[in-house]
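Novice:
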Amino acid sequence: MLEHTLRTYQSPTRLVQRLGAIRELGSEASLLGIRRPLLVTDPGVKAAGLLDTALEALRSSDVEPVVFDRVKANPPVDLVDAGAAEYKAQGCDGLVAIGGGSSMDTAKGIGVVAAHDGSILDYEWGHDPIKNRIPPMIAVPTTAGTGSEVTLWAVITDPKRKIKFNVGGTSNIASWVALIDPELSVKLPGPVTAGTGMDALAHAVECYTMVYHQPFTDAVALLAMEYVARYLRVAFSQGENLQARYYMSAAAMLAGLAYGTDSAGAAHAMSQTAGGVHDAPHGALTARLLGPVMEYNHSGEPERFARIAQAFGLDTRNVSMWRAAEMAVEYVHQLTVDVEIPSMQELGFSEDEIPMLADKAFADPQTIGNPRDVNAAAYRKIYEQAFRLGKAWDRHPLPLTGAQMKREKRVLTAPGAQGSGVRGTKETGVKMQ
Ligand SMILES: [Fe+2]
Numbered sequence: 077m078l079e080h081t082l083r084t085y086q087s088p089t090r091l092v093q094r095l096g097a098i099r100e101l102g103s104e105a106s107l108l109g110i111r112r113p114l115l116v117t118d119p120g121v122k123a124a125g126l127l128d129t130a131l132e133a134l135r136s137s138d139v140e141p142v143v144f145d146r147v148k149a150n151p152p153v154d155l156v157d158a159g160a161a162e163y164k165a166q167g168c169d170g171l172v173a174i175g176g177g178s179s180m181d182t183a184k185g186i187g188v189v190a191a192h193d194g195s196i197l198d199y200e201w202g203h204d205p206i207k208n209r210i211p212p213m214i215a216v217p218t219t220a221g222t223g224s225e226v227t228l229w230a231v232i233t234d235p236k237r238k239i240k241f242n243v244g245g246t247s248n249i250a251s252w253v254a255l256i257d258p259e260l261s262v263k264l265p266g267p268v269t270a271g272t273g274m275d276a277l278a279h280a281v282e283c284y285t286m287v288y289h290q291p292f293t294d295a296v297a298l299l300a301m302e303y304v305a306r307y308l309r310v311a312f313s314q315g316e317n318l319q320a321r322y323y324m325s326a327a328a329m330l331a332g333l334a335y336g337t338d339s340a341g342a343a344h345a346m347s348q349t350a351g352g353v354h355d356a357p358h359g360a361l362t363a364r365l366l367g368p369v370m371e372y373n374h375s376g377e378p379e380r381f382a383r384i385a386q387a388f389g390l391d392t393r394n395v396s397m398w399r400a401a402e403m404a405v406e407y408v409h410q411l412t413v414d415v416e417i418p419s420m421q422e423l424g425f426s427e428d429e430i431p432m433l434a435d436k437a438f439a440d441p442q443t444i445g446n447p448r449d450v451n452a453a454a455y456r457k458i459y460e461q462a463f464r465l466g467k468a469w470d471r472h473p474l475p476l477t478g479a480q481m482k483r484e485k486r487v488l489t490a491p492g493a494q495g496s497g498v499r500g501t502k503e504t505g506v507k508m509q
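In the working numbering, the protein residues as written are 77 to 509.
1) Any idea if GLN86 is buried or exposed, counting beta-carbon neighbours within 10 angstroms, 16 or more meaning buried?
2) May I ask you to verify whether the region 259-276 touches the region 344-362, counting CB pairs closer than 8 Å and requiring at least 3?
3) Opposite ARG90 in the DSSP bridges: which residues?
4) Here's a check: name, in chain order, each residue in its chain whose Cβ is nearer than 8 Å to the Cβ of PRO475, leaving out the five neighbours to either side.
5) Is it the case that the CB of ALA297 approaches a heavy atom of ligand 1 more closely than 7 Å?
6) Would you mind working out which of PHE388, ARG209, ALA280, PRO267 sits nearest THR246, comparing C-alpha positions?
7) Which value, in whole angstroms, describes the spacing of the CA atoms of GLU259 and PRO152?
8) Quick check on DSSP: helix, strand or coil for LEU115?
9) Can you check the region 191-225 for any alpha helix (DSSP H) of at least 4 residues that lies completely inside it and give the ranges in chain order?
10) Contact check, THR222 vs GLY266 under 8 Å by CB: the rounded distance?
11) Entirely within the region 346-419 and at least 4 residues each: give me those alpha helix (DSSP H) ranges in chain order.
12) Please report whether the beta-carbon of THR269 lies at a distance below 8 Å from any beta-carbon of chain D.
13) Which of the three DSSP states is assigned to VAL153 in this structure?
14) What's the call for ALA479, buried or exposed, on a 16-neighbour Cβ count within 10 Å?
15) For PRO211 and GLY187, which I take to be in contact (beta-carbon distance under 8 Å), what is that distance rounded to the nearest angstrom?
16) To the nearest whole angstrom, what separates the beta carbons of PRO441 and TRP201, a pair I think is in contact under 8 Å?
17) Quick check: is any heavy atom of ligand 1 less than 7 Å from the C-beta of LYS181?
18) Would VAL408 and ALA254 be called neighbours here (beta carbons separated by less than 8 Å)?
19) Could you name the residues of the same chain whose beta carbon sits closer than 7 Å to that of THR227, not counting the 5 residues immediately before and after it, in chain order?
20) Between the alpha carbons of SER313 and ARG306, how many angstroms are there, rounded?
21) Less than 7 Å separating the Cβ of HIS512 from some heavy atom of ligand 1?
22) Can you tell which of GLY466, TYR199, ALA280, GLY376 has the C-alpha that lies nearest to the C-alpha of MET420?
23) If you follow the beta strand (DSSP E) that LYS240 is in, where does it begin and where does it stop?
24) Tell me whether HIS279 counts as near ligand 1, meaning its Cβ is closer than 7 Å to at least one heavy atom of that ligand.
25) Buried or exposed for ASN29, going by 16 or more other Cβ atoms inside 10 Å?
26) On the three-state DSSP scale, how would you describe ALA343?
27) Applying the 10 Å Cβ sphere with the 16-neighbour rule, what's the burial state of GLN319?
28) Ligand 1 and HIS358: does the residue's C-beta get closer than 7 Å to at least one heavy atom of that ligand?
29) On the DSSP letters alone, give me the boundaries of the beta strand (DSSP E) that ASP234 sits inside.
30) Hey, out of ALA385, THR443, ALA350, whose CA is closest to ALA462's CA?
31) Would LEU127 and ASP145 be called neighbours here (beta carbons separated by less than 8 Å)?
32) Kindly indicate which three-state DSSP category ALA173 falls into: helix, strand or coil?
33) Which one or two residues does DSSP pair with PHE144 in a beta bridge?
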């Protein structure tokens with residue numbers, strides 16, 4: 077479809093990437109003129125020895141950081157504000173974030189407050205503008221999923237309102253350098269690899285299908301999908317497989333670039349609001365919701381979902397556009413099983429919370445870009461499916477056998493399975509629409 081709406085794209089982030097790129101951290105800091113950065117990280121990164129690696133790299137270039145290692149998952153307002161106070165009290169002149177999305181988002185939030193005043197609460201999207209660029213910042217991801225090293229967003233939790241809110245939508249919040257070293261992710265546990273990798277896939281799928289897409293974001297999103305489809309199962313199954321880690325790191329970065337200045341869609345509207353209710357990992361929660369959201373959304377943009385099936389490597393020759401779109405949805409349902417994403421219940425949610433969760437999702441601004449019209453009732457339906465799929469997973473704890481897969485394939489490709497609805501998904505055998 078030809079587009080008359082003005083679209084713009086801007087990324088101010090220098091990409092530095094290779095196996096072992098962490099050794100460039102000191103020289104990259106020096107290039108930015110950083111001498112005393114606040115190094116923002118979490119206890120897990122420290123325990124894994126990655127903090128020591130970073131400190132060594134910085135000190136070899138005479139950069140002496142102040143370590144702020146109190147980051148926790150779903151970083152709250154007071155943590156960001158405390159980090160900003162520390163930044164000012166210590167006379168820091170830049171930021172280094174090492175960790176997953178929580179560490180990088182915390183550092184970006186600290187940068188916003190340090191470059192202005194007040195609390196990070198003041199800079200919730202739609203409130204005070206972020207007029208000044210954050211101080212020089214290097215983001216070093218240790219997971220492959222969030223893409224925060226290149227996005228123009230930080231996600232912060234407000235425990236009082238029980239929500240997570242977005243800060244950004246401007247290049248002023250972007251890190252100055254994204255230093256991507258896939259070797260840092262080889263020790264990631266399987267469940268974290270799975271959840272974060274599926275989060276990257278969700279960014280790619282949502283940004284590719286949302287109303288704000290444009291050619292540049294389409295390109296990076298599709299390549300991210302290809303890499304996730306090819307390498308997530310391998311990275312999950314062989315943690316030290318460097319090739320898989322390399323391409324998953326690239327996938328996360330590309331999917332992060334797919335955001336541009338815009339937000340995602342229903343899966344992120346749901347996971348970000350639900351993540352403010354219970355302290356569940358963002359990746360696993362988004363992963364659990366992605367399949368049901370795609371199942372709901374594919375009828376709005378069938379050509380795009382059919383193209384996603386091709387990015388997944390599925391053979392869509394000789395099938396209709398509608399069938400190909402369904403295949404993309406089924407693929408994500410199966411991937412969710414293959415990488416053992418936990419159920420909604422295991423993530424801390426109960427079905428009686430569905431109406432409340434649906435209302436919160438509908439109030440989230442990311443609802444606006446969703447490829448299919450959605451209201452609170454639709455969100456309830458999607459949540460019901462997400463809960464159902466988790467239970468189905470309990471009944472099928474192992475991947476399907478070859479014979480089962482052949483049988484499933486016959487069901488899925490039978491003439492009756494063609495049409496606009498999703499039928500016979502391997503997890504449930506149910507049709508949602
Ligand atoms: Fe995400």
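A virtual CB, placed ideally from N, CA and C, is assigned to each residue, including glycine.
Specialist: According to the structure shown:
1) exposed
2) yes
3) For ARG90, which the question treats as bridged, DSSP gives the partners VAL253.
4) Note that PRO475 scores a pLDDT of 44, beneath 50, so its modelled location is shaky and nothing firm can be said.
5) Closer than 7 Å to some heavy atom of ligand 1: that does not describe the Cβ of ALA297.
6) Selection PHE388, ARG209, ALA280, PRO267 evaluated against THR246 yields ARG209 as nearest (Cα-Cα).
7) 29 Å
8) Three-state result, LEU115: strand.
9) none
10) Their Cβ separation, rounded to whole angstroms, is 18 Å, which puts THR222 and GLY266 out of contact at 8 Å.
11) 358-373, 378-387, 397-414
12) The structure shown contains no chain D; it is built from a single protein chain.
13) helix
14) Model confidence at ALA479 stands at a pLDDT of 42, short of 50, so the residue's coordinates are unreliable and nothing is read from them.
15) That pair is a contact at about 6 Å.
16) 7 Å
17) With the sequence shown as reference, residue 181 is identified as Asp, and Lys is not the correct amino acid for it. Checking every heavy atom of ligand 1 against the Cβ of ASP181, none is found closer than 7 Å.
18) no
19) GLY332, TYR335
20) 12 Å
21) Absent from the model: residue 512. The displayed extent of the chain is 77 to 509, so no value can be given.
22) GLY466
23) Taken as a continuous stretch (DSSP letters only), the beta strand (DSSP E) holding LYS240 covers 239-244.
24) Yes, ligand 1 has a heavy atom inside 7 Å of this Cβ.
25) Because the chain spans 77 through 509 in this model, residue 29 falls outside it and cannot be assessed.
26) Helix at ALA343.
27) For GLN319, the number of other beta carbons within 10 angstroms of its own is below 16, and it is reported as exposed.
28) yes
29) 229-234
30) ALA350
31) yes
32) strand
33) VAL116
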